[in-house]
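**Q** I'd like to ask some things about the structure below.
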Amino acid sequence: SALIFSLSAVIFCSLIPLLISLFQQYMAFQGNASFGEYLEYKFNDWFASNNSAPVIVLVVLSLGLITSGAIAYSFVVKGTLSNGLYRIFVWASAASADGEGTFMGRTIGIAITVCGIILLSLLLGIVSDTFSSKMAAIRGGDNNVYEGGHTVILGFSTCTAILLENLANARESEGGGVFVVLDPKPRVEVEEALAAADMNMRNSRVIVRSGHPHLVHDLARASVDAASKVVVMSDSSACGEDADAKNAQTLLTLRNVGWPKNGRIVVQGAVEANADLFDEIYPGKVDVVVVGEIIARLMVLSWRQPGLCEVYSQILGFEGDEFYSQEEPDLVGVSFGEAIFLYPDAVPVGVMRKNLECLLNPDWGYKIQDGDRIIVLAEDDDSYAKTEEPYWEPKSAICTPRDVNCVAKRSFASECKVLVAGWNRYIGPILATLDELVPPGTEVDIFSPRSPEERQSYIRKYFENSTEVIDNLKEPINMLKPDIDQVTSFSSVEALFTESHYDGLFVLSDVDLRGDGLAATYAADAGAIAFLTQLQRIRKTVSTEQMDAVVELNFKSTQQTLKCEGYVNLVHSNSLLAQAIASVAEDPSVKQILNKILSTESDANELQIQRYTKFLASGEKMPS
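If you read the sequence shown in full-length UniProt numbering, its first letter stands for residue 1, the second for the next number, and so on.
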């Protein structure tokens with residue numbers, strides 16, 4: 001008896017500091033929930049994540065019943081605690097006839113025992129049904145989330161796991177964060193997909209809820225009102241206009257209720273022309289990222305200069321160095337050329353003006369003004385700091401570098417011919433970007449099993465609904481179709497490169513052609529590998545010039561496979577999409593920087609890959 005009473009005392013005493021801690025967390029919580037609702041949310045979260053939770057709950061309740069009953073019995077009948085504990089334990093098991101010597105006492109005891117068994121069975125049935133219903137609600141994602149300052153992701157797709165990893169990486173220095181995913185799919189299905197992705201969340205937590213992003217009740221389930229960031233994902237299964245229409249509906253719902261109260265919204269747009277629409281729906285709250293435009297520009301720029309894909313992947317993600325901007329009042333009046341050498345652990349690349357104008361690679365004589373933010377490439381926002389004195393003085397150099405003529409990028413003096421193998425929603429932005437960079441009269445062949453009429457109609461509608469026009473590409477675009485409805489057909493691929501000479505090759509991932517789900521995405525990557533394998537086979541028999549193919553992929557494993565085969569222009573579209581959204585979510589000014597470095601204007605700054613030996617001064621030895 002002493003052991004049971006001691007165990008009960010330890011358990012119930014340990015609950016007191018736990019309740020105090022939960023109450024303190026509740027007081028710091030900025031939502032509208034009552035303390036009871038907050039306790040229920042914490043209990044549900046613990047109950048769903050702990051497999052032994054039902055056993056723990058039943059043990060605690062049993063100990064509480066027996067202990068409190070024994071104390072009450074001893075107090076009423078003036079008996080000992082050990083006797084009271086024994087009696088309560090016996091009665092709780094419905095063995096009421098124990099210890100009775102008379103016939104009538106045993107008869108009554110048997111009757112009471114039978115009734116006790118029936119009542120106990122009913123009680124167990126009710127408890128079982130209650131637990132089953134509660135577990136079904138918890139596992140189905142129907143209960144509310146009560147968090148504050150968290151990030152909510154509205155919508156789930158193949159890139160959501162990568163997005164979560166990038167956001168968790170950005171929050172690692174803060175000890176981790178809380179991320180809530182809200183999607184119409186069942187909670188179990190989304191959690192299984194996330195578990196299969198084998199994410200490294202770096203002390204961050206992921207909570208999944210089932211619901212529709214355009215319904216206020218479902219948004220409240222994810223505690224969107226108290227979120228610091230809300231990411232509205234584009235529906236990859238819908239066409240561009242339909243996907244943007246769904247996001248516009250979600251934004252209208254958020255605007256009508258004024259959520260998030262103290263946070264910002266990042267919207268993934270599918271069509272560039274709709275970006276202004278999102279800003280108008282919820283002005284001052286929204287940052288729009290049209291990832292299709294970013295990927296299309298990156299693919300075309302990588303064709304002009306092989307290797308840029310890997311560079312952009314490094315600076316967009318949070319694994320290596322990325323862009324950060326910070327205001328430095330002490331540098332007002334200092335030239336940009338002087339400021340460059342005040343950051344030994346970062347690389348200043350430009351200035352973000354007070355009016356959000358982005359100046360990349362400004363003149364070294366530019367004087368930093370009040371409100372300017374210095375844009376740097378650094379490992380993290382807390383990994384660098386400005387020093388009082390420059391770490392290197394350029395004027396003290398013994399010799400000056402030679403003039404560097406950057407001519408590595410591919411250019412064409414006359415018209416060229418480009419092949420696009422495959423089809424997806426990036427085809428419109430790719431054609432628009434190509435038109436800006438190639439000379440007049442350039443031909444484009446699109447090789448896909450889709451109907452030529454369907455493709456022509458899509459391209460026509462894309463340019464009708466956008467601000468882009470075709471000036472340099474030869475019209476109409478040539479629509480080529482393989483003989484067996486597969487771009488991997490050897491005879492069709494052989495005919496392509498036997499009859500034509502191509503200066504550029506883009507391989508797009510056509511996921512929609514292969515159905516829905518993860519299997520279709522894997523099949524699209526397999527199709528890209530098969531096409532490139534057929535091309536390598538044809539090159540052994542047909543005299544064709546080696547091309548730097550730009551290949552869009554969906555999985556990092558496929559990227560590694562093709563890297564081993566010598567391909568360098570590999571665009572992991574899901575990863576780039578997630579990295580771009582995560583970067584803008586963490587710092588909205590990154591959007592302006594991306595627009596600058598991916599611009600196709602003739603006077604724009606751009607990234608180039610050069611041999612470092614070109615930057616050595618005359619007579620300077622290469623570093624060992």
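Each residue gets a CB set at the ideal place from its N, CA and C atoms; glycine is no exception.
Fair warning: this is a prediction, and the values are worked out from it, not measured in the lab.
#1: Tell me which same chain residues have a C-beta within less than 8 Å of the C-beta of residue 102, skipping the five on either side of it?
#2: For the alpha helix (DSSP H) that residue 419 lies in, which residues bound it at each end?
#3: Are residue 267 and residue 232 closer than 8 Å when you measure CB to CB?
#4: For residue 551, which of 491, 310, 390 has the nearest alpha-carbon?
#5: So, for residue 625: in the same chain, excluding its five sequence neighbours on each side, which residues have a beta-carbon less than 6 Å away from its beta-carbon?
#6: Output yes or no for whether 8 Å exceeds the beta carbon distance between residue 244 and residue 222.
#7: From residue 389 to residue 318, what does the alpha carbon distance come to, in whole angstroms?
#8: Using a Cβ-Cβ cutoff of less than 8 Å, which residues in the same chain neighbour residue 185 once the five nearest sequence positions on both sides are dropped?
#9: Please identify the residue among 358, 331, 364, 324 whose C-alpha is closest to the C-alpha of residue 345.
#10: Count the other C-beta atoms from every protein chain shown that fall within 10 angstroms of the C-beta of residue 611, then say buried if there are 16 or more, exposed otherwise.
#11: For residue 479, I'd like the list of residues in its chain whose CB is within less than 7 Å of its CB, leaving aside the five on either flank, ordered along the chain.
#12: Quick test of your reading: residue 633 and residue 525, contact by CB under 8 Å. State the CB separation rounded to the nearest angstrom.
#13: Which residue marks the beginning of the alpha helix (DSSP H) containing residue 391, and which one marks its end?
#14: Does residue 442 come out as helix, strand or coil in the three-state DSSP assignment?
#15: Hey, could you find the ends of the beta strand (DSSP E) residue 334 is sitting in?
#16: I need the straight-line Cα distance from residue 303 to residue 38, nearest angstrom please.
#17: Kindly give me the distance between the Cβ atoms of residue 594 and residue 294, rounded to whole angstroms, as I take these residues to be in contact under 8 Å.
#18: Helix, strand or coil: which one does DSSP assign to residue 681?
#19: Would you kindly report the start and end of the unbroken alpha helix (DSSP H) that includes residue 534?
#20: May I ask you to report which of helix, strand or coil DSSP gives residue 304?
#21: DSSP on residue 552, reduced to helix/strand/coil?
#22: Please report the straight-line C-alpha distance between residue 197 and residue 169, rounded to a whole angstrom.
#23: Are the beta-carbon atoms of residue 213 and residue 250 separated by less than 8 Å?
#24: Taking buried to mean at least 16 other C-beta atoms within 10 Å of its own C-beta, is residue 368 buried or exposed?
#25: If I follow the unbroken alpha helix (DSSP H) through residue 625, where does it start and stop?
#26: For residue 32, does the three-state DSSP call read helix, strand or coil?
#27: What's the call for residue 18, buried or exposed, on a 16-neighbour Cβ count within 10 Å?
#28: Between residue 48 and residue 41, what straight-line distance do the alpha-carbon atoms span, to the nearest angstrom?
#29: Going by Cα to Cα distance, which pick from 176, 191, 258 is closest to residue 201?
#30: From the DSSP output, in three-state form, read off residue 217 for me.
#31: Tell me the DSSP bridge mates of residue 182?
#32: Can you list, in chain order, the residues of its chain with a C-beta nearer than 7 Å to that of residue 433? Leave out the 5 residues immediately preceding and following it.
#33: Relative to the C-alpha of residue 166, which candidate in 591, 182, 581 has its C-alpha closest?
#34: Would residue 353 count as contacting chain B if we go by Cβ distances under 8 Å?
#35: Measuring only the C-alpha atoms, how far is residue 529 from residue 494?
#36: Closer than 8 Å is the cut-off here; do at least three beta carbon pairs connect the segment 374-387 with the segment 333-348?
**A** Let me lay it out:
#1: In the sequence shown, the residue the question calls residue 102 occupies position 102. Residue confidence for residue 102 is low, a pLDDT of 46 falling below 50, so the modelled location carries little weight and cannot support an answer.
#2: For the purposes of this step, residue 419 is identified with residue 419 of the sequence shown, where counting begins at 1. Counting along the chain, residue 419 falls outside any alpha helix (DSSP H), though it belongs to the beta strand (DSSP E) covering 417-421.
#3: Here the question's residue 267 lines up with position 267 in the sequence shown. Here the question's residue 232 lines up with position 232 in the sequence shown. A contact, by the Cβ cut-off of 8 Å.
#4: In the sequence shown, residue 551 corresponds to position 551, counting from 1. Per the Cα distances, 310.
#5: Shown here, the chain extends from 1 to 624; a query on residue 625 therefore has no answer.
#6: What you label residue 244 is simply residue 244 of the sequence shown in a count that begins at 1. What you label residue 222 is simply residue 222 of the sequence shown in a count that begins at 1. No; because the gap between Cβ atoms is not below 8 Å, this pair is not in contact.
#7: Start at 1 with the first residue of the sequence shown, and residue 389 comes out as number 389. Start at 1 with the first residue of the sequence shown, and residue 318 comes out as number 318. Rounded to whole angstroms, residue 389 to residue 318 spans 29 Å at the Cα level.
#8: Within the sequence shown, residue 185 is the residue found at index 185, counting from 1. So the qualifying residues of the chain are 156, 210.
#9: By 1-based counting over the sequence shown, the position of residue 345 is 345. Comparing Cα positions, the closest option is 324.
#10: Stepping through the sequence shown from its first residue, residue 611 is reached at position 611. It is exposed - the Cβ of residue 611 has fewer than 16 other Cβ atoms within 10 Å.
#11: Taking the first residue of the sequence shown as position 1, residue 479 is located at position 479. If we look at residue 479 and ignore the five residues flanking it on each side, its Cβ neighbours are 446, 452, 455, 456.
#12: Examination of residue 633 is not possible in this model, given that the chain is present from 1 through 624 alone.
#13: Residue mapping note: residue 391 aligns to position 391 of the sequence shown, counting from 1. Careful: residue 391 lies outside any alpha helix (DSSP H) and carries neither H nor E.
#14: Against the sequence shown, residue 442 aligns to sequence position 442. Residue 442: strand per DSSP, three-state reduction.
#15: For the purposes of this step, residue 334 is identified with residue 334 of the sequence shown, where counting begins at 1. Element bounds for residue 334: n/a, residue is neither H nor E.
#16: As a working mapping, residue 303 is identified with position 303 in the sequence shown. As a working mapping, residue 38 is identified with position 38 in the sequence shown. Answer to the nearest angstrom: the Cα atoms are 54 Å apart.
#17: The count along the sequence shown starts at 1 and reaches residue 594 at position 594. The count along the sequence shown starts at 1 and reaches residue 294 at position 294. About 6 Å separates the two Cβ atoms, so the contact holds.
#18: As shown, the chain starts at 1 and ends at 624. That puts residue 681 outside it, with no answer to give.
#19: Indexing the sequence shown from 1 puts residue 534 at position 534. Start and end: 518-539.
#20: If you number the sequence shown from 1, residue 304 lands on position 304. It is helical.
#21: The residue you call residue 552 lines up with position 552 of the sequence shown. Strand.
#22: Translated into positions along the sequence shown, residue 197 becomes position 197. Translated into positions along the sequence shown, residue 169 becomes position 169. So the two alpha carbons sit approximately 16 Å from each other.
#23: Sequence index remark: in the sequence shown, residue 213 carries index 213 (1-based). Sequence index remark: in the sequence shown, residue 250 carries index 250 (1-based). Going by C-beta atoms, residue 213 is nearer than 8 Å to residue 250.
#24: Position 368 of the sequence shown, counted from the first residue, corresponds to residue 368. Residue 368 should be labelled buried.
#25: No information on residue 625 is available, as it lies outside the stretch 1 to 624 that the chain covers here.
#26: Residue mapping note: residue 32 aligns to position 32 of the sequence shown, counting from 1. Coil at residue 32, not helix or strand.
#27: As a first step, residue 18 is located in the sequence shown; it is residue number 18 there, counting from the start. Exposed is the call here.
#28: Here the question's residue 48 lines up with position 48 in the sequence shown. Here the question's residue 41 lines up with position 41 in the sequence shown. Roughly 11 Å between the two C-alpha positions.
#29: Against the sequence shown, residue 201 aligns to sequence position 201. Answer by Cα proximity: 176.
#30: Numbered from 1 along the sequence shown, position 217 holds the residue referred to as residue 217. Three-state result, residue 217: helix.
#31: Numbered from its first residue, the sequence shown carries residue 182 at position 182. Its beta-bridge partners are 154, 209.
#32: Numbered from its first residue, the sequence shown carries residue 433 at position 433. Answer for residue 433: 296, 297, 300, 600, listed in chain order.
#33: Position 166 of the sequence shown, counting from 1, holds the residue named residue 166. Here the closest residue by C-alpha is 581.
#34: Structure shown: chain B not included; a single protein chain is present.
#35: Sequence index remark: in the sequence shown, residue 529 carries index 529 (1-based). Sequence index remark: in the sequence shown, residue 494 carries index 494 (1-based). Cα to Cα, residue 529 sits roughly 16 Å from residue 494.
#36: yes
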